[in-house]
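Here the sequence shown is numbered in my numbering, starting from 4 and rising by one per residue. The block underneath contains the structure these notes are about, expressed in structure tokens.
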Amino acid sequence: MTGYRNPVPTVDIIILLEDENGNVRSDEIVLIKRKNPPYGWALPGGFVDYGETLEQAAVREAKEETSLDVTLLKQFHTYSDPSRDPRGHTITTVYIAKAKGTPHAQDDAREIGIFNIKNLPQPIAFDHASIIKDYENRKY
Numbered sequence: 004m005t006g007y008r009n010p011v012p013t014v015d016i017i018i019l020l021e022d023e024n025g026n027v028r029s030d031e032i033v034l035i036k037r038k039n040p041p042y043g044w045a046l047p048g049g050f051v052d053y054g055e056t057l058e059q060a061a062v063r064e065a066k067e068e069t070s071l072d073v074t075l076l077k078q079f080h081t082y083s084d085p086s087r088d089p090r091g092h093t094i095t096t097v098y099i100a101k102a103k104g105t106p107h108a109q110d111d112a113r114e115i116g117i118f119n120i121k122n123l124p125q126p127i128a129f130d131h132a133s134i135i136k137d138y139e140n141r142k143y
């Protein structure tokens, strides 16, 4: 299949934190501040490894970037605009997940924070502001 160029699959995770009673705040999400270009705040996520399912990639990326063990709740939506990532054409499948504990910045994350979806830090990398807005509006 030489000569073919395909988009690269990625995953992003909307992580909701559980309190000690198991209640989840759906209006607060975990964001990372990226160490590498493109800079800015972003949903935790990354590239799917060869031989890995999207779900496995989402759990792995969440752990690598936030130190959290997540439980995937649902697949939210897939975003495929060829211009969504300035590094090249990627297709991301976004998951909504929950986790207990305190996130810690690791791997590609310079900083980490928990933010209300109506009061996000700036700038937001990639198309993640649109993804978060879709989540806020429960568009999908």
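Cβ coordinates follow ideal geometry from the N, Cα and C atoms, glycine included.
| Query | Result |
| --- | --- |
| L71 versus G6 - alpha carbon distance | 40 Å |
| C-beta atoms of G43 and D15 nearer than 8 Å | no |
| Straight-line Cα distance separating I134 from A65 | 17 Å |
| Whole-number beta carbon distance between I18 and V62, since they are thought to touch under 8 Å | Incorrect: roughly 11 Å between the Cβ atoms, too far for contact. |
| According to DSSP, residues forming a beta bridge with V27 | E21 |
| T96 classed as buried or exposed, judged by whether at least 16 other C-beta atoms fall within 10 angstroms | buried |
| Span separating the alpha-carbon of K136 from that of Y53 | 30 Å |
| Exposed unless 16 or more other CB atoms sit within 10 angstroms - verdict on L34 | buried |
| Top-ranked residue by Cα proximity to Q78, from Q59, R90, S86 and V27 | Q59 |
| Where the beta strand (DSSP E) through A102 begins and ends | T93 to K103 |
| Coil, strand or helix - R63 by DSSP | helix |
| Closest by C-alpha distance to P40, when choosing among P89, H131 and A108 | P89 |
| H107 burial status per 10 Å Cβ neighbour count (16 or more: buried) | exposed |
| Own chain, CB closer than 7 Å to N119, minus 5 neighbours either side, in chain order | D30 and E31 |
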